[in-house]
Amino acid sequence: MVFSSFIADPQRTSYDGADADENVKYVLRRSKITNIPWLIATVIMIALPVFGVPYILGIKFSGEIVFKENYVFVATLFWYLATFGFFFQKFVNWFFNVLVITNKKLVDMDFIGLAYKNISETMLYNIEDVTSNITGIVGTIFNVGDVFIQTAAEMREFEFIGADDPSKVRDLIIDLVEKTKGHNATH
Amino acid sequence: MLPIKTVGIAIEIVGIFFMAMYIVFAFILMRQVRLMNDSLSTPVKHVFSLVALIHFLASLLIFSLAILAI
């Protein structure tokens, strides 16, 4: 549930800068399908020493072994640590690149690599229109696409790339916006 | 011509240099996870922090082992 790409009413979840009367309604992540390339890379990295280590240990020059067994063992441990580091970094990037929708705001968090962080937010009543699209064969097969959210303020556009069921995401955002605007109009 | 053992040790030292660089990566990753946890608080924030810390400590341990293995 915590590691889902679509979470409604998440428990014990908040974001930095949330108001006291604000509740997180949805947390949306990129589709799990988008993780397949780096998951394949991780599997290849796990498998490489199985073939590579015997080869490296067997390297001889003029009958002499080039690399000591102890060092090759430590280097293999390092390789697996680096593989885990690669996996972990990709995973947390997926986990924390979210679109948070609260009862008041829409917050877009982007973390790219280790050195880029961008957080944008807008009040729900500022949202003018929401567009969803699905492109490509993979997107059509898995129902994965992009959602674009246009706001009135400064003509900003929020992008949510690689969303599961983008039509559903578009619909739920518009429903929340209508509810908020209706609520504001009655006050 | 260099003796083959010297070439082997030179390659091992290059490997240790990469391991030292990896410690920097593991440290930055640990800081990044902390920043991410601060930005979005979830029920698994402590798990991520712990994993990032263990990963950093493991990078230090493997670096030390590599120096001993030369």
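First to last, the protein sequences are chains A and B. Take 0 as the starting number for the first sequence in numbering that gives the first Met the number 0 and just add one per residue. Take 0 as the starting number for the second sequence in numbering that gives the first Met the number 0 and just add one per residue. Every residue, glycine too, gets a C-beta built ideally from N, C-alpha and C.
Suppose you measure from the CA of residue i to the CA of residue j; what does that come to, to the nearest Å?
i	j	result
B/I73	A/A40	The question about residue 73 of chain B has no answer, for chain B in this structure spans 0 to 69.
A/V129	A/V168	9 Å
A/G51	A/D20	57 Å
A/A114	A/D107	17 Å
B/L59	A/V42	24 Å
A/G62	B/F24	38 Å
A/S166	A/D18	29 Å
B/M35	A/G84	16 Å
A/V91	A/S131	26 Å
A/T33	B/K4	46 Å
B/F16	B/L67	14 Å
B/I77	A/A46	Limits of chain B in this structure are 0 at one end and 69 at the other, which puts residue 77 of chain B out of reach.
A/Y70	A/V49	16 Å
B/A57	B/F26	11 Å
A/I35	A/K89	11 Å
B/V32	B/K44	9 Å
A/S119	A/Q149	13 Å
B/V13	A/K67	15 Å
A/L38	A/M44	10 Å
A/F147	A/F159	6 Å
A/K187	A/T101	Residue coverage of chain A in this structure runs from 0 to 186, which leaves residue 187 of chain A outside it and unanswerable.
A/I6	A/M0	7 Å
B/I69	A/P53	19 Å
A/F72	A/F110	35 Å
A/V137	A/V143	8 Å
A/E177	A/K116	30 Å
B/P2	A/I58	15 Å
A/T121	A/D174	16 Å
Does residue i get closer than 8 Å to chain A when you measure Cβ to Cβ?
i	result
B/S48	no
B/V43	yes
B/V32	yes
B/L56	no
B/I22	no
B/M18	yes
B/L39	yes
B/I12	no
B/M35	yes
B/L52	no
B/A65	yes
Say whether chain B places a C-beta atom closer than 8 Å to the C-beta of residue i.
i	result
A/D20	no
A/N69	yes
A/M122	no
A/G181	no
A/G57	no
A/T52	Looking at the sequence provided, one finds Val at residue 52 of chain A rather than Thr. No, A/V52 lies away from the interface with chain B (no Cβ there is under 8 Å from its Cβ).
A/F95	yes
A/F77	yes
A/L113	yes
A/M108	yes
A/L38	no
A/F5	no
With the cut-off set at 8 Å, would you say residue i and residue j are in Cβ contact?
i	j	result
A/I172	A/I126	yes
A/A81	B/Y21	yes
A/F157	B/V50	no
B/F62	B/M18	yes
A/W78	A/R28	no
A/S4	A/D145	no
B/V6	A/V26	no
Answer yes or no: does any C-beta atom of chain D fall closer than 8 Å to that of residue i?
i	result
A/T12	Given the protein chain composition of this structure (A and B), no chain D is represented.
Is the beta carbon of residue i within less than 7 Å of some heavy atom of the ligand ATP?
i	result
A/K103	With respect to the ligand ATP, the structure shown offers nothing to examine, as it has no ligands at all.
State the CB to CB distance for the pair residue i and residue j, rounded to an integer number of angstroms; the pair is presumed to be in contact (CB under 8 Å).
i	j	result
B/M29	B/L64	The pair is not a contact, with the Cβ atoms about 20 Å apart (cut-off 8 Å).
A/S30	A/G135	Rounded, the Cβ-Cβ distance is 13 Å, inconsistent with contact.
A/T179	A/L123	4 Å
So, does the region 92-104 of chain A touch the region 14-22 of chain A, judging by three or more C-beta pairs under 8 Å? yes
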